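Q: Pasting in a structure now, in structure tokens, and then I'll have a few things to ask.
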Amino acid sequence: MIKVLVADDQELIRDSISIVLSAYPDIEVVATAGDGLEVLEHLKKQEVDVILMDIRMPNMDGVVCTKFVKQNFPDVKVIILTTFDDDEFIFSALQYGASGYILKGISTKDLHQAILTVNSGNAMLNPDIASKVFKLFSQITPQTSNCLKVNEEAIKTLSKAEWRIIQQIGNGLSNKEIAVKLYLSEGTVRNYLSHCLAKLELRDRTQLAIWAVQTGVTTRNYND
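The numbering of the sequence shown is the numbering used here, which starts it at 174 and goes up by one.
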């Protein structure tokens, strides 16, 4: 059972999402919150696996709340609920540790799948905004303060196989999709991913994807 917290400043949206998710036997909405401060209070009192987090909320918005959630409850996954005009928040929330972005108005089926995907440790970007996200990341050069910092010495130790994995993660592929594309088992992909994260000192695959796009890894040729 995946325990979900729904955070949105509009009661109608909170209630609607809760009703929709209640139809799935593997999902339990354990709490709702109207702002980031309420989210943090709930996390102190009960176990939560995934937060559906609105960006624009009073008192504490979803971006700042995501930062505090990942600092204090690192195992909790955060999915940002967004609209097309929230571009300026995209990088910050993902950099702070959000596992993905989905658009408000997403279908019930896709919302359920997004929760399953993120809960299993994968990143989730709604296809309608994925291109905008990666365009934004590619515009943030290594010279800017917003570029993710990694262990520079460790970069030299990455094997060609590890670079291929990083490249596909930067392209937004899941472990299963990478396994098929590179003719590997999913277990092997997971092992490579763990090694890459440890070497580069990054928190999760979302940060790795950001770094891959920022540094141009997705456009390089790692074929033999």
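We put the CB at the ideal spot given by N, CA and C, even for glycine. Remember, predicted model here, so these are calculated numbers, not experimental data.
If you draw a straight line from the C-alpha of lysine 349 to the C-alpha of asparagine 324, how long is it?
A: The alpha-carbon of lysine 349 is positioned some 27 angstroms away from that of asparagine 324.
Q: Go through its chain and collect everything with a Cβ distance to methionine 226's Cβ below 7 angstroms, but skip five positions before and after it.
A: Ala180, Gly235, Cys238, Thr239, Val251, Ile252, Ile253 and Leu254
Q: So what does DSSP say about alanine 296, is it helix, strand or coil?
A: Three-state result, alanine 296: coil.
Q: Rounding to the nearest angstrom, what Cα-Cα distance links serine 191 and valine 202 in this structure?
A: 6 angstroms
Q: By a C-beta neighbour count over all protein chains shown, 10 Å radius and 16 as the cutoff for buried, is leucine 185 buried or exposed?
A: exposed
Q: In or out: isoleucine 328 buried (at least 16 other Cβ within 10 Å) or exposed?
A: exposed
Q: Taking the alpha-carbon positions, what's the glycine 383 to leucine 284 distance?
A: The sequence shown places isoleucine at residue 383, rather than the glycine named in the question. Taking the straight line joining both Cα atoms gives about 23 angstroms.
Q: Less than 8 angstroms between the C-beta atoms of valine 249 and valine 291, yes or no?
A: no
Q: Pull up the distance between the alpha-carbon of serine 347 and that of threonine 330, whole angstroms please.
A: 24 angstroms
Q: Under 8 angstroms, do threonine 379 and serine 272 count as touching if we go by C-beta distance?
A: yes
Q: With distance defined between alpha-carbon atoms, name the residue in Pro247, Leu267 and Leu216 nearest to methionine 297.
A: Leu267
Q: Give the DSSP-derived three-state secondary structure of threonine 314 in the structure shown.
A: Summary for threonine 314: the model assigns pLDDT 46, below 50, so the residue's position carries little reliability; its value from the coordinates is reported in the next sentence. Of the three classes helix, strand and coil, the one that applies to threonine 314 here is coil, per DSSP.
Q: Could you spell out the range, first to last residue, of the alpha helix (DSSP H) harbouring glycine 360?
A: 359-373
Q: Kindly indicate which residue of Ile351, Trp336 and Gln219 has the alpha-carbon position closest to the one of lysine 372.
A: Trp336
Q: Assuming lysine 277 contacts threonine 256 under a Cβ cut-off of 8 angstroms, what Cβ separation, rounded to an integer in Å, is found between them?
A: 6 angstroms
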